[in-house]
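Structure first, commentary second.
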Amino acid sequence: MREALALADERLGLTTPNPSVGCVIVRGDRVVGRGVTGIGGRPHGETQALAEAGSRARGATAYVSFEPCAHFGQTPPCANALAAAGVKRVVVGCVDPDPRVSGQGIAILKRAKIKVTTGVLEAEALRLNEGFITRLTLGRPLGLLKLAMSVDGRIAAAGGDSQWISSRESRELVHRWRRECDAVMVGAGTVIADNPRLTCRIEGGRDPVRVVVDAHLRTAPAARVYRQRSKASTILVTMPANLADARQRYERPGVEVISVATHAGVIELDRLMLEFGHRGW
38 MREALALADE RLGLTTPNPS VGCVIVRGDR VVGRGVTGIG GRPHGETQAL AEAGSRARGA
98 TAYVSFEPCA HFGQTPPCAN ALAAAGVKRV VVGCVDPDPR VSGQGIAILK RAKIKVTTGV
158 LEAEALRLNE GFITRLTLGR PLGLLKLAMS VDGRIAAAGG DSQWISSRES RELVHRWRRE
218 CDAVMVGAGT VIADNPRLTC RIEGGRDPVR VVVDAHLRTA PAARVYRQRS KASTILVTMP
278 ANLADARQRY ERPGVEVISV ATHAGVIELD RLMLEFGHRG W
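Printed below as a string of structure tokens:
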């Protein structure tokens, strides 16, 4: 199961809107198949592991970090595929909260007379896909706050001249988070002060969508975040009263402008998060 979780962890952030799922198939004391969810969510980890295992899957044990799916989508259910391959036992990290699955994948396996063990390294399995689970259960993405702060509560030198107050290791972690997350969001003040790129700069990474919350259109349309060459888009979030002006000033290929209701002149972030959850993030 730890190997299945490690496979899923390496693909984390690249499988949206699906969870990242690792599968390891063991026959006797040998691993005969490994698989992980494909980029963009297809193919699923179980089908890849079964393809690698071939006929050796018959009578084997499959370790899956997330409950095998039970519904027909772009591909048939993975629970059915495991049963058809003749595995004798399936070990599951955690149950999928998706109402189309949620125990039904396990039920399919049991009806096929397959022994099922659940809850193996469950806490680790749940944490690995906590973003997917948050979207499924609360309708919004999971948010990570990135904050570098000195022991006396400061985020920069008094003169504002310090580029970083964090370490190389913490900056590397930030870029891993950017690869894993579907979006990185900043306020107008950060764009004005730092003119950031908000890209992922690690090998094998991918840029997240860049979100700028700018209710009053204080950021410069020429800022790097709006002109960055990237496969990922930038979204400017403003108040409804400024929507038409924002579209005229900022929209271009790769830049989307949306409006969200405000309260006392401040964007209502809970509404914005529901919009992002609707997008599958």
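My numbering numbers the first residue of the sequence shown as 38 and each following residue consecutively.
Glycine included, each C-beta is placed from N, C-alpha and C at the ideal position.
Taking only the alpha-carbon atoms, compute the straight-line gap between residue 155 and residue 251 and give it to the nearest angstrom. The residue you call residue 155 lines up with position 118 of the sequence shown. The residue you call residue 251 lines up with position 214 of the sequence shown. Answer to the nearest angstrom: the Cα atoms are 46 Å apart.
Quick one: what does DSSP say residue 273 is sitting in, helix, strand or coil? Looking up residue 273 in the sequence shown gives position 236. If DSSP states are grouped into helix, strand and coil, residue 273 belongs with the strands.
So what's residue 60 in DSSP terms, helix, strand or just coil? Numbered from its first residue, the sequence shown carries residue 60 at position 23. It is a strand residue.
Beta-carbon separation of residue 269 and residue 294 under 8 Å? Reading the sequence shown from its first residue, position 232 is the one you call residue 269. Reading the sequence shown from its first residue, position 257 is the one you call residue 294. No, they are not a contact pair.
Please work out which residues of its chain come closer than 7 Å, Cβ to Cβ, to residue 139, disregarding the five sequence neighbours upstream and downstream, and give them in chain order. Residue mapping note: residue 139 aligns to position 102 of the sequence shown, counting from 1. Closer than 7 Å at the Cβ level, and outside the excluded window around residue 139, lie 132, 133.
In whole angstroms, what is the alpha-carbon distance linking residue 233 and residue 227? Working through the sequence shown from its first residue, we reach residue 233 at position 196. Working through the sequence shown from its first residue, we reach residue 227 at position 190. Cα to Cα, residue 233 sits roughly 8 Å from residue 227.
Any idea which residues DSSP pairs residue 222 with across the strands? Position 185 of the sequence shown, counting from 1, holds the residue named residue 222. Per DSSP, 248.
Would you identify the three-state DSSP class for residue 170, choosing helix, strand or coil? Within the sequence shown, numbered from 1, the residue matching residue 170 stands at position 133. Of the three classes helix, strand and coil, the one that applies to residue 170 here is helix, per DSSP.
Would a C-beta distance cut-off of 8 Å place residue 63 and residue 82 closer than the cut-off? Sequence index remark: in the sequence shown, residue 63 carries index 26 (1-based). Sequence index remark: in the sequence shown, residue 82 carries index 45 (1-based). No, they are not a contact pair.
Along the chain, which unbroken stretches of the alpha helix (DSSP H) at least 4 residues long are found entirely within the region 117–162? Segments of the alpha helix (DSSP H) lying fully in the region 117–162: 141–148.
For the ligand HEM, I want to know if residue 41 counts as a neighbour, meaning its beta carbon is within less than 7 Å of at least one of the ligand's heavy atoms. Among the components of this structure there are no ligands whatsoever, and the ligand HEM is therefore not found.
Is the beta carbon of residue 313 closer than 8 Å to that of residue 177? By one-based count along the sequence shown, residue 177 stands at place 140. By one-based count along the sequence shown, residue 313 stands at place 276. Result yes, Cβ atoms of residue 177 and residue 313 sit closer than 8 Å.
Among 76, 85, 257, 120, which has the Cα closest to the Cα of residue 95? Here residue 95 refers to the residue found at position 58 of the sequence shown. Taking only the C-alpha atoms, the option nearest residue 95 is 120.
Should residue 181 go down as buried or exposed, given a rule of 16 or more other Cβ atoms within 10 Å for buried? In the sequence shown, residue 181 corresponds to position 144, counting from 1. Looking at its Cβ environment, which holds fewer than 16 other Cβ atoms inside 10 Å, residue 181 is exposed.
Are the beta-carbon atoms belonging to residue 56 and residue 169 less than 8 Å from one another? Mapped onto the sequence shown, residue 56 falls at position 19. Mapped onto the sequence shown, residue 169 falls at position 132. Yes, the pair counts as a contact, with Cβ atoms nearer than the cut-off.
Tell me the DSSP secondary structure of residue 194 in three-state form. Position 157 of the sequence shown, counting from 1, holds the residue named residue 194. Residue 194 falls in the coil class under three-state DSSP.
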